[in-house]
Structure formats: C-alpha cells, structure tokens
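Visitor: Shown below is the structure under consideration.
Chains as they are written, first to last, in our numbering: chain V, 1 to 274; chain X, 1001 to 1258.
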C-alpha cells in the first residue's frame, strides 16, 4: 500500500504543497499502522517464548515459538507436513468447488422455478440454521470413516447459506433489466445468461470469500472425527498423545492457509470486478 | 400515410389477492406509418401498461392489436421498446451493450459490425465504443440505448418516458437528439410522457388518456407553423401555447370530475 503511494508522489511533480502534505500524512499513517501490527506480532511471539523460558507457562502444555519452528522444520524434512497440509488443502478446495457449483446450480433452479423455491424454502431455512457439526457423526455412520465423510461434512457447512444468499441476490436484480431482455425479444434463458448471472458475479465472488473459510471449518471438523491424515487429524492426534507442538503448529499453519486462501480470492475479486 | 398500428377496443386488468384493478378500458386508436404519436395522461392511468401490451409483453384481457392489418401475435413484426432508464448493462462496454438485442436474437454476424459502427459514428459514440456505461454522459447513454433498439430494425418504436431520468437541460438536448434519429431513420414512434410540452414538441398527434382505468379522452392533431422543426424550436412556435393550454385543460377536467 505505502509503496504504491510513494510512487504517486514521485511521479506527479506538479502537485501542490498541500496535496503533497496530505499524501505524506496518509503514508505516515499507513506506515504507523503497519509498524504497530508487526510489533504486536513480534511482542506476542517474544512474550510467549520468554515466558516458557522463565517458567511462567509450561512449554509441554503451551508449546513455544521455537518448538513450533523446530516441529515445522522437522516435519518438513521428513515430508509429513506437506502430506497433512496437502490432504487438508485438497479436501478444502474440493468441497469449496463443490459448494459453489452445487450452490449455483440449485440457486439457478430455484430462480427459474418459483414454485420449487417456495416448496423448498422452509427446508432450506431449517438446514441452514442447523449446526452442521451435529450432522458429522451421522455422516460417519452413513459414509464411513473416510474422506467422503469429510467432504460431505464440509459441503454441508457452507452449501445451504450459499443457496439462500445466491437465490435472494438473483431475485434482487432490477426488474426493469429483466424487462429489457424481454423487450429485446429474449426468453428466460437470455435473462439468466445476459443479466442475472453477469450481474451477480461480484456477489458470487464475495460469497466465495466466505465459502473458502467455511469449507476449511467443515474440513477440520470432519478431520477431527473421521480422518487418518490432515491438519485436523494432526490437532486431535497431538492433543491425545500430549504432543502440543503438533497442535499449535497445525493451528499456526491453518492461520497461514486460511489467510492465503482468502487473499487469493480477494485478488480474484479485485481482478474481476471494476 | 397508411395505417401501421391499430389498437382495437383493448382492456387490461391487473389481478392481486386484494382484487382486480382495471388499468385500461376500451382503448382504441391507430398510428400511421412514419407518424410520431404522443400519449399523455395522469400518473397511474395505464400508459406503461398500454406500451407493454403493444410490445407483446402482456396480453390484453379483451380487444386486439393489429400491425398492418395482422394480429400482433402472428404479424412477426418487430417492436422496439425504450424503457424509462437506459438500462445499459454496466459490465458491458458500449459496443457490447448496443449489440445486446442482436445477440439475443442471433442476428449478430461479422457483417453486422459495418452497420453498427456506422450508427455509432453517426450518433457520436464511436470514440466511446469500448467505454463502460459509467463513463458515458446521460445523453450518450440514452443514444446508446436507442441504437441498441434501432439495430433490431423495429417497425414501431415505443418510448416509455425515455427522458424522465435526465436533468432538464440534458432532457431538451436528448429529446432533440432522439427525435432527430427517429425521423432520420424514418421510424414510427409512440412516446409516453407526463410532460405536456414534450408531447407537443415531438409529436404529430397527441392522445390524452383519462385517469385509471385509462381510456382515450381526446386525440389532438399538432400542426406547428415552423420551418425546419426540431422539438426545441417547436417550443417557440406561435401555436405551442394554445396546444399546451388545450391539453392542460383536458387533463385538468379529468381531475375535477372526480
């Protein structure tokens, strides 16, 4: 952010002193915020590390930054980290893709046929408000102790909200834009393809930003219950055998993964919406 | 001039759970080929319903609409409809906006672009071909919307208060613009407006509708003694005020009768 602003100041030499002062103030403010953010992180990590050294907390239970780094290095060397990370990422991306695909498809069907949408409305509301973690044990019984359960659990977390949001976004498209397509001799299919879908690309992308996080939540819940690998499995395994380093490391990795996936979608959002 | 459109005793009612609301009752009139007809009436008198019926978006409860003597359903004639706002799609650039109708009707081919570019050029949009609607002025947007309609080569143009979303000055300019384009392309047009001056300045005939349920109150031929007419110059014609007062009185009579 601040880099881009600096470029603005050096390129536009003909701007007034007041404008320069304004931009300078803006840059300073941004830099201050970034500095404090980094200081909080460093301060937290340092405090954590030091308190394990001087005995305020027990590193066996709370782990410590150095132990987390050691674990990461060690597990990277023996390839375990990428194995577990890869599985979790694969499950997350697969359920994310399926949620968006199924969600879009169902939303289109509901938009297309109002009778169906009215019939299904109460069921969708119930399914959406139901805590999906309650379903996970049922999925295990039905689908077995395997990846299928994890994927289905993850899909169930995000799917119903996606359908409801997309459908109401579809219905919110300006009535006159739809009339326009009919005045141009179009059919319902044209309304869908020329207006409803393109008009909702921004809302679909912001929904995806929510869904990537929810898919990750669903996958971790699923891995807690029914997995032999993955970061969720590692967390449960670590806590059961009192290897808290595994647990904390997995959580740190999850933070990075969640942020990374979110940023990736934010990048697409910026690219595809003006 | 030959008769192009005949509205024959049409009625239309809207239905809701609260009951039936008649919007139009026994409306009859005709429009000749190449004519510009204005329709005025109090708000809610079913003006827009009338256009939707002519455009075939609604089916009359009773009565018929004929184009060239054939029922509108089987005539296969093309009707262009301009809505109150331009409704350019903001994710499409000007070129893809004006071709939207052709795209929908599968009329777009590589050869079409010669004609499209010609129209864009004539009406001052060629340099904005790849601009998005947000970068166009109100007038340019309205012209783009008209070109979108004209490219479908409509036999009749329906204009549903196409200038009402514009500020007054732009409105006068765009009215001149659009009127000029319609005359130049020799199109038949029906204009709906609640602005009496606009109706007189643009139309050959003005049809006055009654309050809801709407029916034809009176039809007035507009003959202005000016040379080289444009809607803007028409406003300074000597007869303009008389027509204005006449229509004003008719509309006022409607109010008082209630």
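Every residue gets a Cβ at the ideal spot worked out from N, C-alpha and C, and that includes glycine. If you're wondering where the values come from, they're calculated on a predicted model, not measured in any experiment.
Check for me: the alpha helix (DSSP H) holding residue 1053 (chain X) runs from which residue to which?
Guide: In the second chain, counting from the first residue as 1, residue 1053 (chain X) sits at position 53. From DSSP, the alpha helix (DSSP H) with residue 1053 (chain X) extends over 1047-1055.
Visitor: Using 7 Å as the threshold, is the C-beta distance between residue 1233 (chain X) and residue 1222 (chain X) below it?
Guide: Numbered from 1 along the second chain, position 233 holds the residue referred to as residue 1233 (chain X). Numbered from 1 along the second chain, position 222 holds the residue referred to as residue 1222 (chain X). The answer is no: Cβ separation not under 7 Å.
Visitor: At a CB-CB cut-off below 7 Å, which residues of chain X make contact with residue 176 (chain V)?
Guide: The residue given as residue 176 (chain V) occupies position 176 in the first chain. In chain order: 1083, 1085, 1087.
Visitor: With distances taken between CB atoms, is the gap from residue 132 (chain V) to residue 95 (chain V) smaller than 7 Å?
Guide: For the purposes of this step, residue 132 (chain V) is taken as residue 132 along the first chain, with counting starting at 1. For the purposes of this step, residue 95 (chain V) is taken as residue 95 along the first chain, with counting starting at 1. No.
Visitor: Please list, in chain order, all residues of the same chain as residue 1022 (chain X) whose beta carbon is under 6 Å from its beta carbon, the five residues on each side excluded.
Guide: Taking the second chain and counting its residues from 1, the one referred to as residue 1022 (chain X) is at position 22. Around residue 1022 (chain X): 1013, 1213.
Visitor: Against residue 1072 (chain X), what residues of chain V qualify as contacts under a CB-to-CB distance less than 8 Å, listed in chain order?
Guide: Here residue 1072 (chain X) refers to the residue found at position 72 of the second chain. Near residue 1072 (chain X) there are no residues of chain V at all, since even the closest Cβ is about 14 Å away, more than 8 Å.
Visitor: Does any CB atom of chain V fall closer than 7 Å to the CB of residue 1104 (chain X)?
Guide: Along the second chain, one-based indexing puts residue 1104 (chain X) at 104. Output row for residue 1104 (chain X): interface = yes.
Visitor: The beta strand (DSSP E) spanning residue 1006 (chain X) covers which residue range?
Guide: Position 6 of the second chain, counted from the start, is the residue given in the question as residue 1006 (chain X). Unbroken beta strand (DSSP E) run through residue 1006 (chain X): 1003-1016.
Visitor: DSSP three-state call for residue 1032 (chain X): helix, strand or coil?
Guide: Taking the second chain and counting its residues from 1, the one referred to as residue 1032 (chain X) is at position 32. Strand, per DSSP.
Visitor: On the DSSP letters alone, give me the boundaries of the beta strand (DSSP E) that residue 1200 (chain X) sits inside.
Guide: Residue 1200 (chain X) sits at position 200 when you count from the first residue of the second chain. Looking at the DSSP string, residue 1200 (chain X) is not in any beta strand (DSSP E); the run it does join, the alpha helix (DSSP H), is 1196-1202.
Visitor: Please say whether residue 71 (chain V) and residue 230 (chain V) have beta carbons closer to each other than 7 Å?
Guide: The residue given as residue 230 (chain V) occupies position 230 in the first chain. The residue given as residue 71 (chain V) occupies position 71 in the first chain. Contact flag unset, no.
Visitor: Should residue 182 (chain V) be flagged as near chain C, meaning a C-beta pair shorter than 7 Å?
Guide: Absent from the structure: chain C. Protein chains present are V and X.
Visitor: Which term fits residue 158 (chain V), buried or exposed, when burial requires 16 or more other beta carbons within 10 angstroms of its beta carbon?
Guide: Residue numbering aside, residue 158 (chain V) sits at position 158 when the first chain is read from its first letter. It counts as buried.
Visitor: Quickly, what does DSSP pair residue 162 (chain V) with across the bridge? List them, please.
Guide: Indexing the first chain from 1 puts residue 162 (chain V) at position 162. DSSP, once it has assigned bridges, lists no residue as partnering residue 162 (chain V).
Visitor: Would you please state the rounded distance, in angstroms, between the beta carbons of residue 1095 (chain X) and residue 1129 (chain X)? I believe it to be under 8 Å.
Guide: For the purposes of this step, residue 1095 (chain X) is identified with residue 95 of the second chain, where counting begins at 1. For the purposes of this step, residue 1129 (chain X) is identified with residue 129 of the second chain, where counting begins at 1. Confirmed, Cβ separation roughly 5 Å.
Visitor: Taking 7 Å as the CB-CB cut-off, is residue 1101 (chain X) touching chain V?
Guide: Against the second chain, residue 1101 (chain X) aligns to sequence position 101. So yes, residue 1101 (chain X) belongs to the interface.
Visitor: Can you tell me whether residue 998 (chain X) is buried or exposed? The criterion is at least 16 other CB atoms within 10 Å of its CB, across all chains shown.
Guide: The structure shown does not extend to residue 998 (chain X), since chain X is modelled only from 1001 through 1258, so no value can be given for it.
Visitor: Counting only beta-carbon atoms, is residue 1144 (chain X) nearer than 7 Å to chain V?
Guide: Taking the second chain and counting its residues from 1, the one referred to as residue 1144 (chain X) is at position 144. Taking Cβ atoms only, chain V never reaches closer than 7 Å to residue 1144 (chain X), which makes this a no.
Visitor: Please report how far the alpha carbon of residue 212 (chain V) lies from the alpha carbon of residue 261 (chain V), in whole angstroms.
Guide: Residue mapping note: residue 212 (chain V) aligns to position 212 of the first chain, counting from 1. Residue mapping note: residue 261 (chain V) aligns to position 261 of the first chain, counting from 1. Cα-Cα distance, rounded: 7 Å.
Visitor: Less than 8 Å between C-beta atoms, sequence neighbours within five positions excluded: which residues of the same chain meet that for residue 1215 (chain X)?
Guide: Stepping through the second chain from its first residue, residue 1215 (chain X) is reached at position 215. Answer for residue 1215 (chain X): 1024, 1025, 1026, 1027, 1209, listed in chain order.
Visitor: Could you tell me the alpha carbon to alpha carbon distance between residue 204 (chain V) and residue 166 (chain V), rounded to whole angstroms?
Guide: Locating residue 204 (chain V) in the first chain gives position 204, where the first residue counts as 1. Locating residue 166 (chain V) in the first chain gives position 166, where the first residue counts as 1. Cα-Cα distance, rounded: 7 Å.
Visitor: Does residue 15 (chain V) come out as helix, strand or coil in the three-state DSSP assignment?
Guide: Taking the first chain and counting its residues from 1, the one referred to as residue 15 (chain V) is at position 15. Coil at residue 15 (chain V), not helix or strand.
Visitor: Just to confirm before moving on: does the CB-CB distance between residue 1139 (chain X) and residue 1098 (chain X) stay below 7 Å?
Guide: Here residue 1139 (chain X) refers to the residue found at position 139 of the second chain. Here residue 1098 (chain X) refers to the residue found at position 98 of the second chain. The answer is no: Cβ separation not under 7 Å.
Visitor: Does the stretch 141-152 of chain V come into contact with the stretch 195-209 of chain V, if we say contact requires no fewer than three beta-carbon pairs (one atom in each stretch) closer than 8 Å?
Guide: no
Visitor: On the CB-based measure, 16 or more other CB atoms within 10 Å of its CB, does residue 194 (chain V) come out buried or exposed?
Guide: Against the first chain, residue 194 (chain V) aligns to sequence position 194. Buried is the call here.
Visitor: Between the alpha carbons of residue 256 (chain V) and residue 147 (chain V), how many angstroms are there, rounded?
Guide: Here residue 256 (chain V) corresponds to residue number 256 of the first chain, with the count starting at 1. Here residue 147 (chain V) corresponds to residue number 147 of the first chain, with the count starting at 1. So the alpha carbons of these two residues sit roughly 23 Å apart.
Visitor: How would you list, in chain order, the residues of chain X whose beta-carbon sits under 9 Å from the beta-carbon of residue 169 (chain V)?
Guide: Here residue 169 (chain V) corresponds to residue number 169 of the first chain, with the count starting at 1. By Cβ distance, chain X contributes nothing, its closest Cβ being about 15 Å from residue 169 (chain V), past 9 Å.
Visitor: If you draw a straight line from the C-alpha of residue 1102 (chain X) to the C-alpha of residue 118 (chain V), how long is it?
Guide: By 1-based counting over the second chain, the position of residue 1102 (chain X) is 102. By 1-based counting over the first chain, the position of residue 118 (chain V) is 118. Distance between the alpha carbons of residue 1102 (chain X) and residue 118 (chain V) is about 35 Å.
Visitor: Quick one: residues in its chain with C-beta nearer than 7 Å to the C-beta of residue 1061 (chain X), no 5 flanking neighbours on either side, listed in chain order?
Guide: Here the question's residue 1061 (chain X) lines up with position 61 in the second chain. Taken in chain order, the residues that qualify are 1011, 1012, 1013.
Visitor: Do residue 1086 (chain X) and residue 1006 (chain X) have their beta-carbon atoms positioned less than 7 Å apart in this structure?
Guide: The count along the second chain starts at 1 and reaches residue 1006 (chain X) at position 6. The count along the second chain starts at 1 and reaches residue 1086 (chain X) at position 86. Their beta carbons are not under 7 Å apart, which means residue 1006 (chain X) does not touch residue 1086 (chain X) by this criterion.
Visitor: State buried or exposed for residue 226 (chain V), treating a residue as buried only when at least 16 other CB atoms are found within 10 Å of its CB.
Guide: For the purposes of this step, residue 226 (chain V) is identified with residue 226 of the first chain, where counting begins at 1. Classification of residue 226 (chain V): buried, given that the 10 Å Cβ count is 16 or more.
Visitor: Between which residues of its own chain and residue 150 (chain V) is the CB-CB distance below 7 Å, once the five residues before and five after are set aside?
Guide: Taking the first chain and counting its residues from 1, the one referred to as residue 150 (chain V) is at position 150. Excluding residues within five positions, the ones whose Cβ falls inside 7 Å are 91, 219, 222, 223, 226, 227.
Visitor: Just to confirm, is the Cβ distance from residue 1126 (chain X) to residue 1119 (chain X) under 7 Å?
Guide: By 1-based counting over the second chain, the position of residue 1126 (chain X) is 126. By 1-based counting over the second chain, the position of residue 1119 (chain X) is 119. No. Outside cutoff.
Visitor: Compare the C-beta of residue 202 (chain V) against all C-beta atoms of chain X and say whether one is closer than 7 Å.
Guide: Position 202 of the first chain, counted from the start, is the residue given in the question as residue 202 (chain V). It does not: the Cβ of residue 202 (chain V) has no partner Cβ on chain X nearer than 7 Å.
Visitor: Do residue 1157 (chain X) and residue 1189 (chain X) come within 7 Å of each other at the CB atom, strictly closer than that value?
Guide: What you label residue 1189 (chain X) is simply residue 189 of the second chain in a count that begins at 1. What you label residue 1157 (chain X) is simply residue 157 of the second chain in a count that begins at 1. Against a cut-off of 7 Å, the Cβ pair of residue 1157 (chain X) and residue 1189 (chain X) comes out as a contact.
Visitor: I need the boundaries of the beta strand (DSSP E) containing residue 1189 (chain X), first residue and last residue.
Guide: Taking the first residue of the second chain as 1, we reach residue 1189 (chain X) at position 189. Note, residue 1189 (chain X): beta strand (DSSP E), 1188-1192.
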